[in-house]
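Below is one structure; the comments refer to it alone.
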Amino acid sequence: MVFASNLPWLAFAIALVVLLPMAWLSWKGSLSRNRNRWLALALRFLGILFIAFAIADPQVTSERPVQGANIVALLADNGKSLSIKEPSSERARGEELRDLLTQPSQSWPAKLKDNFQLRNYLFDSQVRRTSSFENLNFEGEQSAISTSLRGLGERLENKPVAGIVLFSDGNSTDLELSQEELSKLPPVYPVLIGEDGDVTDLSIQELTVKTTAFGDTPVSVSAKLLDRRSSEGPVKIQLRRLDSRRESTAMPYPDLDERSVKIEGSFDYVYEWSAPGGGTQFFELSAYSDSPEAQEATLDNNRQLFAVDRGKENYRILYVTGRPNWEYKFLNRALSADAQLDLVGLLRVASREPKFDFKSRAGENSNALYRGFGREDETERYDEAVLIRMNARDANELKTGFPDEAEELFAYDALIIDDLEADFFSFSQQTLIRDFAKRRGGGLLMLGGVNALEDGNYQNTPIAQALPLYLDGGTPPKGSDQRARWELTRNGWVEPWVRIRAFETEERMRIQEMPSFRVFNSSQRIKPGAQSLATIEDLSTETYPALVTHRFGLGRVATLTVGDFWRWGMQSPSTQADLAQFWRQISRWLVKDTPDRVELSAGPIEGSTITLKANARQEDYNSLTSGIARLTVRRLDAASEKREYEMNIVSDVQGQFYSELALKESGAYLAEVTVTGFNGEVIGTAETGWVYQPLVKEFTSLSPNKATLERLAEGTGGRLLRSEDLERLPELLATQSSPVMEIWSEPLWHRNWLFILALTSFLAEWLLRRKGGLA
18 MVFASNLPWL
28 AFAIALVVLL
38 PMAWLSWKGS
48 LSRNRNRWLA
58 LALRFLGILF
68 IAFAIADPQV
78 TSERPVQGAN
88 IVALLADNGK
98 SLSIKEPSSE
108 RARGEELRDL
118 LTQPSQSWPA
128 KLKDNFQLRN
138 YLFDSQVRRT
148 SSFENLNFEG
158 EQSAISTSLR
168 GLGERLENKP
178 VAGIVLFSDG
188 NSTDLELSQE
198 ELSKLPPVYP
208 VLIGEDGDVT
218 DLSIQELTVK
228 TTAFGDTPVS
238 VSAKLLDRRS
248 SEGPVKIQLR
258 RLDSRRESTA
268 MPYPDLDERS
278 VKIEGSFDYV
288 YEWSAPGGGT
298 QFFELSAYSD
308 SPEAQEATLD
318 NNRQLFAVDR
328 GKENYRILYV
338 TGRPNWEYKF
348 LNRALSADAQ
358 LDLVGLLRVA
368 SREPKFDFKS
378 RAGENSNALY
388 RGFGREDETE
398 RYDEAVLIRM
408 NARDANELKT
418 GFPDEAEELF
428 AYDALIIDDL
438 EADFFSFSQQ
448 TLIRDFAKRR
458 GGGLLMLGGV
468 NALEDGNYQN
478 TPIAQALPLY
488 LDGGTPPKGS
498 DQRARWELTR
508 NGWVEPWVRI
518 RAFETEERMR
528 IQEMPSFRVF
538 NSSQRIKPGA
548 QSLATIEDLS
558 TETYPALVTH
568 RFGLGRVATL
578 TVGDFWRWGM
588 QSPSTQADLA
598 QFWRQISRWL
608 VKDTPDRVEL
618 SAGPIEGSTI
628 TLKANARQED
638 YNSLTSGIAR
648 LTVRRLDAAS
658 EKREYEMNIV
668 SDVQGQFYSE
678 LALKESGAYL
688 AEVTVTGFNG
698 EVIGTAETGW
708 VYQPLVKEFT
718 SLSPNKATLE
728 RLAEGTGGRL
738 LRSEDLERLP
748 ELLATQSSPV
758 MEIWSEPLWH
768 RNWLFILALT
778 SFLAEWLLRR
788 KGGLA
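Residues 18 to 792 (my numbering) make up the sequence shown, in order.
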């Protein structure tokens with residue numbers, strides 16, 4: 018409040034000094050004779066003050082939005098979830114929303130337009146301007162509230178926005194905005210559309226897929242089925258695989274699992290199975306009522322697709338040993354049961370001997386061990402080790418022995434060294450083995466034995482740098498009385514590939530039944546960052562690390578210090594099966610994260626856009642310096658054509674490419690990239706897959722999400738409204754702060770209430786004078 022009178026304040030002070038004392042003097046002689054005289058005097062004082070207040074011309078000032086200068090955005094949800102009908106109504110939520118925005122009986126838009134500029138927007142996956150809300154059709158497959166608010170904020174940036182009125186049921190299909198992002202938005206006034214209540218529906222919720230490289234059932238799916246139907250009939254659940262190699266869907270897919278269950282409110286579905294083969298595999302889980310008369314609010318949440326990445330079609334493991342032994346027999350037998358694991362063996366059957374002239378037959382220089390086997394023309398001499406190749410891909414693989422070049426060794430995914438001294442490898446080969454784990458990202462496993470670790474003189478070699486143990490311990494005597502028992506450490510109990518049984522009690526019983534081992538190495542110090550997963554304890558209760566692992570560069574490295582692990586499989590067929598499972602699991606662990614020359618990955622879907630990234634390497638696994646990546650994308654669950662793209666090159670990173678794809682149709686997508694070099698030679702291919710099902714998120718919840726809208730309102734300084742509150746919206750926005758405000762004032766001196774107060778004071782004082790006989 019301010020005073021606009023031009024009269025000096027001194028004049029008011031003098032008037033008060035004169036008038037108030039005169040009133041006092043006129044009543045002074047009568048105050049003692051009448052008890053009401055003090056009240057009358059107070060009334061005269063009050064009347065004088067009211068008149069002085071009016072003469073000062075008081076003005077009430079405040080701020081208000083400048084008429085027509087500020088923008089109010091009306092943002093309406095066009096998602097398909099608004100086609101849901103409320104349990105208590107025959108009309109869909111969308112019809113009620115359209116009425117709120119378009120019916121002439123709604124007076125709030127006109128009132129709002131008197132003071133603000135109105136701009137109409139609708140959204141589903143993206144926000145867009147609309148000339149009329151009659152265009153709402155509620156066919157959008159997404160209700161991306163956060164993305165739309167962010168996009169609208171960017172559109173209206175640097176414009177005077179008084180607020181955003183959001184009409185939605187609150188069921189958002191994208192991630193919530195952070196508190197920092199909310200603070201950058203104009204005030205949001207969400208209008209909740211819909212009512213709480215149980216909508217008649219059967220749906221699949223919380224689908225989770227877990228994959229593991231270990232065990233006989235590497236894929237498991239779990240889901241929660243919610244049944245809010247009035248019918249109590251059984252529900253038919255089907256799980257089937259979609260063949261990504263099939264070009265047509267004319268033939269039905271076989272079912273992996275099919276069952277009928279009776280659901281009382283909810284049902285937890287769990288199924289585990291083995292998915293043979295590699296690559297990206299797609300599956301479909303569906304749940305439908307067996308009762309044809311059952312009515313549901315929607316069928317778009319009764320079916321979910323999901324993708325499973327099973328890795329490469331084949332992982333190649335090179336096994337090299339200093340002598341034929343039982344370890345290779347059990348390892349080879351175990352891996353032959355896994356179609357994805359190919360074991361290539363390089364077995365030394367005779368060590369190299371000192372060079373000398375052997376006079377057995379005139380002109381014969383080759384090793385006599387080859388005589389009679391049709392290999393007299395082989396080049397191995399007495400001063401060269403005699404090697405046998407097992408399971409080689411062709412006649413040229415490992416023909417010259419252990420690889421000398423990175424291109425040859427790096428073609429394998431894992432390397433296992435068993436009972437072989439360090440001198441078997443040249444220094445360049447030792448460096449190559451270290452780089453195989455560090456730079457190529459391959460898996461390296463060194464087994465213990467009489468010629469391994471310290472006994473193999475690996476100290477101070479490049480290979481020792483890669484091992485998780487320090488090779489500075491002594492070797493215990495290996496006699497008939499030297500025995501040690503296997504035991505898992507705390508870390509070993511939590512690693513699934515180290516255990517064989519699913520339950521702890523069964524695993525402890527299995528470990529107790531394991532035989533004692535007689536050949537082991539006694540290195541006791543593990544390197545920083547390494548994990549000891551198993552130990553061995555000898556008869557003197559001395560404990561040594563038995564299985565130690567760590568990450569080395571890009572690869573995984575493990576050391577199994579036991580040299581006669583084959584004893585485990587010699588007890589019975591069941592223990593032989595356990596040993597085979599252990600070898601498969603440790604082999605899977607070795608190759609689990611090994612990179613390929615060409616890799617393709619799909620990022621998370623943002624709205625309706627997905628980003629694909631490809632990484633290409635040369636044969637020595639250095640980044641590709643130049644090349645072209647061509648992408649082929651195909652949708653599986655419909656007869657759709659393949660689409661080809663040329664991927665963009667990441668300018669600041671060699672060998673990397675990317676593409677951003679707009680997804681228009683829901684379904685399962687398979688993408689394959691082919692990378693070619695500068696001269697047109699094919700570097701390699703890779704594939705990946707993803708599932709785009711926006712309606713699954715759209716219908717995750719059929720009840721309005723009030724909490725989401727409350728968070729939006731609170732985080733932006735707005736207020737949550739109901740449809741019946743819209744008539745108060747113009748008044749609410751008019752009293753709130755807007756970007757463009759004006760100061761306005763209103764005089765108080767000529768108000769009726771001020772005149773009445775002054776007149777009432779003087780009349781009351783006059784009545785008291787009359788009553789006291791002083792009139």
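Beta carbons are placed, not taken as given, at the ideal position from N, Cα and C, and that holds for glycine.
Checklist entry - So what does DSSP say about Q222, is it helix, strand or coil? => result As a position in the sequence shown, residue 222 is number 205, starting the count at 1. DSSP places Q222 in the strand class (E or B) of the three-state scheme.
Item to check | Start and end residues, alpha helix (DSSP H) containing Y345 | outcome: Position 328 of the sequence shown, counted from the first residue, corresponds to residue 345. Taken as a continuous stretch (DSSP letters only), the alpha helix (DSSP H) holding Y345 covers W343 to L352.
Checklist entry - Using CA coordinates, which residue listed in W510, D440 and N474 is at the minimum distance from E523? => result Numbered from its first residue, the sequence shown carries residue 523 at position 506. Distances from the alpha-carbon of E523 to those of W510, D440 and N474 put W510 closest.
Checklist entry - Under the three-state reduction of DSSP, which class applies to T164: helix, strand or coil? => result Counted from its first residue, the sequence shown places residue 164 at position 147. In the structure shown, T164 falls within a helical segment according to DSSP collapsed to helix, strand and coil.
Checklist entry - Secondary structure at E174, three-state DSSP: helix, strand or coil? => result As a first step, residue 174 is located in the sequence shown; it is residue number 157 there, counting from the start. Shown here, E174 sits in coil according to DSSP, grouped into three states, outside any helix or strand.
Checklist entry - From the DSSP output, which residues share a beta bridge with K227? => result Locating residue 227 in the sequence shown gives position 210, where the first residue counts as 1. Beta bridge pairing from DSSP links K227 with S237.
Checklist entry - Would DSSP call G706 helix, strand or coil? => result On the sequence shown, position 689 is the one that residue 706 refers to. It is a strand residue.
Next on the checklist: Using the three-state DSSP reduction, which class does Q499 fall into: helix, strand or coil?
Outcome noted: By one-based count along the sequence shown, residue 499 stands at place 482. Coil at Q499, not helix or strand.
Item to check | I773 versus L780 - alpha carbon distance | outcome: Numbered from its first residue, the sequence shown carries residue 773 at position 756. Numbered from its first residue, the sequence shown carries residue 780 at position 763. Cα to Cα, the separation comes out at about 10 Å.
Checklist entry - So what does DSSP say about V144, is it helix, strand or coil? => result The sequence position of residue 144 within the sequence shown is 127, counting from 1. Look at V144 here: in three-state DSSP terms it is strand.
Item to check | Residue of E330, L302 and R745 minimising C-alpha distance to G295 | outcome: Locating residue 295 in the sequence shown gives position 278, where the first residue counts as 1. For G295, the closest alpha carbon among the candidates E330, L302 and R745 is that of E330.
Item to check | Rounded separation between D274 and I254 - CA only | outcome: What you label residue 274 is simply residue 257 of the sequence shown in a count that begins at 1. What you label residue 254 is simply residue 237 of the sequence shown in a count that begins at 1. Approximately 8 Å between the Cα atoms of the pair.
Checklist entry - With distances taken between CB atoms, is the gap from K630 to S640 smaller than 8 Å? => result Working through the sequence shown from its first residue, we reach residue 630 at position 613. Working through the sequence shown from its first residue, we reach residue 640 at position 623. No.
Item to check | F569 classed as buried or exposed, judged by whether at least 16 other C-beta atoms fall within 10 angstroms | outcome: In the sequence shown, the residue the question calls residue 569 occupies position 552. Buried, by the Cβ-count rule.
Checklist entry - Nearest-angstrom Cα distance between T705 and E425? => result Residue 705 sits at position 688 when you count from the first residue of the sequence shown. Residue 425 sits at position 408 when you count from the first residue of the sequence shown. The alpha-carbon of T705 is positioned some 26 Å away from that of E425.
Checklist entry - Rounded to a whole number of angstroms, what is the C-alpha to C-alpha distance between E636 and N474? => result Numbered from its first residue, the sequence shown carries residue 636 at position 619. Numbered from its first residue, the sequence shown carries residue 474 at position 457. CA-CA distance, E636 to N474, rounds to 31 Å.
Item to check | Helix, strand or coil at N152 according to DSSP, with G and I counted as helix | outcome: Here residue 152 refers to the residue found at position 135 when the sequence shown is read from its first residue. DSSP, read as helix, strand or coil, puts N152 in helix.
Next on the checklist: Let me check understanding here. Comparing Cα to Cα, which of K97, I72, G684 and P479 lies closest to L259?
Outcome noted: Along the sequence shown, read from residue 1 onward, the residue named residue 259 stands at position 242. L259 has its Cα closest to that of G684, out of K97, I72, G684 and P479.
Next on the checklist: Starting from P75, trace the beta strand (DSSP E) in both directions and tell me its first and last residue.
Outcome noted: Translated into positions along the sequence shown, residue 75 becomes position 58. Per DSSP, P75 is one residue of the beta strand (DSSP E) stretching across P75 to P82.
Checklist entry - In the DSSP assignment, what residue or residues form a beta bridge with D274? => result Taking the sequence shown and counting its residues from 1, the one referred to as residue 274 is at position 257. In the DSSP output, where bridge partners are listed per residue, D274 has L256.
Item to check | Residue from V182, D326, R406 and Q298 whose Cα sits closest to the Cα of Y345 | outcome: Start at 1 with the first residue of the sequence shown, and residue 345 comes out as number 328. Considering only alpha carbons, the answer is R406.
Next on the checklist: Determine whether the beta carbon atoms of F150 and R108 lie at a separation below 8 Å.
Outcome noted: Counting from one through the sequence shown, the residue named residue 150 turns up at place 133. Counting from one through the sequence shown, the residue named residue 108 turns up at place 91. In this structure, R108 does not lie closer than 8 Å to F150 by Cβ.
Checklist entry - Smallest Cα separation from E401: which of P38, L173 and F419? => result Counting from one through the sequence shown, the residue named residue 401 turns up at place 384. Residue F419 is the option with its Cα nearest to E401.
Checklist entry - Does the beta-carbon distance from R660 to L687 come in below 8 Å? => result Residue mapping note: residue 660 aligns to position 643 of the sequence shown, counting from 1. Residue mapping note: residue 687 aligns to position 670 of the sequence shown, counting from 1. No, these two residues do not count as a Cβ contact at 8 Å.
Item to check | Counted within 10 angstroms of its Cβ, other Cβ atoms place L776 as buried (16 or more) or exposed | outcome: Against the sequence shown, residue 776 aligns to sequence position 759. L776 is exposed by the Cβ-count criterion.
Checklist entry - By the 10 Å Cβ neighbour count, where 16 or more other Cβ atoms means buried, how is K97 classified, buried or exposed? => result Taking the sequence shown and counting its residues from 1, the one referred to as residue 97 is at position 80. By the 10 Å Cβ count, K97 comes out buried.
Item to check | Helix, strand or coil at K279 according to DSSP, with G and I counted as helix | outcome: Walking along the sequence shown from the start, residue 279 turns up at place 262. K279 falls in the coil class under three-state DSSP.
Checklist entry - Rounded to a whole number of angstroms, what is the C-alpha to C-alpha distance between P293 and Q357? => result On the sequence shown, position 276 is the one that residue 293 refers to. On the sequence shown, position 340 is the one that residue 357 refers to. For P293 and Q357, the gap between their C-alpha atoms comes out near 8 Å.
Checklist entry - So F299 is in the alpha helix (DSSP H); what residue range does that whole segment cover? => result The sequence position of residue 299 within the sequence shown is 282, counting from 1. First-last for F299: T297 to S306, but that is the beta strand (DSSP E), not the alpha helix (DSSP H).
Item to check | Ranges of the alpha helix (DSSP H) found wholly within the stretch 517 to 544, counting only runs of at least 4 | outcome: Counting whole runs of 4 or more residues, the stretch 517 to 544 contains the alpha helix (DSSP H) stretches 521 to 529.
Checklist entry - For N95, does the three-state DSSP call read helix, strand or coil? => result Counting from 1 along the sequence shown, the entry for residue 95 is found at position 78. Correct three-state label for N95: coil.
Checklist entry - By a C-beta neighbour count over all protein chains shown, 10 Å radius and 16 as the cutoff for buried, is V35 buried or exposed? => result Counting from one through the sequence shown, the residue named residue 35 turns up at place 18. Label assigned to V35: exposed.
Checklist entry - If you run the structure through DSSP and keep just helix, strand and coil, what is W600? => result On the sequence shown, residue 600 is found 583 positions in, with the first residue counted as 1. Helix at W600.
Checklist entry - Going by beta carbon distance, what residues of the same chain come within less than 8 Å of A481, once the five residues before and after it are set aside? => result Here residue 481 is taken as the residue at index 464 of the sequence shown, counted from 1. Taken in chain order, the residues that qualify are Y475 and L488.
Checklist entry - Whole alpha helix (DSSP H) runs in the stretch 455 to 481 with 4 or more residues, listed along the chain? => result Positions of the alpha helix (DSSP H) runs, each at least 4 residues long and wholly inside the stretch 455 to 481, cannot be given because no such run exists.
Checklist entry - Roughly how many angstroms separate the alpha carbons of Q134 and G170, rounded to a whole number? => result To locate residue 134, count along the sequence shown from 1; it is residue 117. To locate residue 170, count along the sequence shown from 1; it is residue 153. Here the C-alpha atom of Q134 lies approximately 16 Å from the C-alpha atom of G170.
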